[in-house]
Amino acid sequence: QEADTYRAIRYNLETEWKNTFPYVREMDREELFDKGRNEILDNLVSLSTIPSVKWEKKIKERLWQKLQSYVFEHIFEPAQLKTNLGSYQTFVDVLLRDWSQHELPQTCVQVGWEVLYDELERAAKDAEHSRGYDHIFDKLKKEVITQTRNRHQWDGKAITRLRVIQGTTLDDHTVHTKAQWDAAVNFLEDALYARIKEVNQLISDLRGPGLLSRWVH
Numbered sequence: 001q002e003a004d005t006y007r008a009i010r011y012n013l014e015t016e017w018k019n020t021f022p023y024v025r026e027m028d029r030e031e032l033f034d035k036g037r038n039e040i041l042d043n044l045v046s047l048s049t050i051p052s053v054k055w056e057k058k059i060k061e062r063l064w065q066k067l068q069s070y071v072f073e074h075i076f077e078p079a080q081l082k083t084n085l086g087s088y089q090t091f092v093d094v095l096l097r098d099w100s101q102h103e104l105p106q107t108c109v110q111v112g113w114e115v116l117y118d119e120l121e122r123a124a125k126d127a128e129h130s131r132g133y134d135h136i137f138d139k140l141k142k143e144v145i146t147q148t149r150n151r152h153q154w155d156g157k158a159i160t161r162l163r164v165i166q167g168t169t170l171d172d173h174t175v176h177t178k179a180q181w182d183a184a185v186n187f188l189e190d191a192l193y194a195r196i197k198e199v200n201q202l203i204s205d206l207r208g209p210g211l212l213s214r215w216v217h
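This is the structure we're talking about:
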């Protein structure tokens, strides 16, 4: 009777496995662990195939999202009150130097950390659309990524190196090529237009709709 019960339990478990995980052969606990680990490592390896241009674009966009408020509110807008170019340049240089020695390196490292894990999660998500993919390891992958996020710490030397590089770059006022100059001008122009639009929208929200808007809408 015990043998019959055991066979029935085994049959039920095998049937449940086939119905739940149709694309995965039957495996014991150790095999499941190894397969799950290998899939996670495959997701990590896929990060190395992302072109450097894409990394730079994502980091640049995220970095500007983090920095733009400080740039405008604490540097650009206060500097406009200066009456001549010399005092303007001195004011900006002092603020940038202080920024580069404190908050800026930490913010840059944080942005790199966020982009890295965003791409890792995206790689894990993209893998779900591959042929024959089975969701048996979804919870495991999610937990691994969560634990990695919580435990991962950058080498403290990274911030120090970044601080030196940023300080040296800010001290160099030379524009080496026309392309660099044009790119900087276009970037600042786009940023200013976006800032003006944001401020105008904020003013509109604070004032409420005007007479014409109330009639039209």
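Numbering (UniProt numbering), first residue to last: 1 to 217. Each residue gets a CB set at the ideal place from its N, CA and C atoms; glycine is no exception.
Closest by C-alpha distance to residue 133, out of 168, 98, 22 and 75, is 22. Taking C-beta separations shorter than 7 Å and ignoring five residues to either side along the sequence, the partners of residue 127 in its chain run 43 and 133, following chain order.
For residue 82, there is no enclosing alpha helix (DSSP H), as DSSP marks it with neither H nor E.
Within the same chain, no residue comes within 8 Å of residue 37 by CB-CB distance, once the 5 residues on both sides are set aside. Membership of residue 120 in the alpha helix (DSSP H) is indicated by the continuous run 103-127. Residue 208 sits in coil when the DSSP states are folded into three classes, being neither helix nor strand. About 7 Å separates the beta carbon of residue 35 from that of residue 27, a gap short enough to meet the 8 Å contact definition. By the neighbour-count criterion, in which 16 or more other beta carbons inside 10 Å mark a residue as buried, residue 154 falls on the exposed side. Counting C-beta atoms within 10 angstroms of its own C-beta, residue 187 has fewer than 16 neighbours from the protein chains shown and is therefore classed as exposed. Residue 14 and residue 25 have their C-alpha atoms some 10 Å from each other. Taking C-alpha positions only, residue 166 is separated from residue 131 by approximately 45 Å. The beta-carbon separation of residue 105 and residue 162, rounded to 4 Å, stays under the 8 Å limit for a contact.
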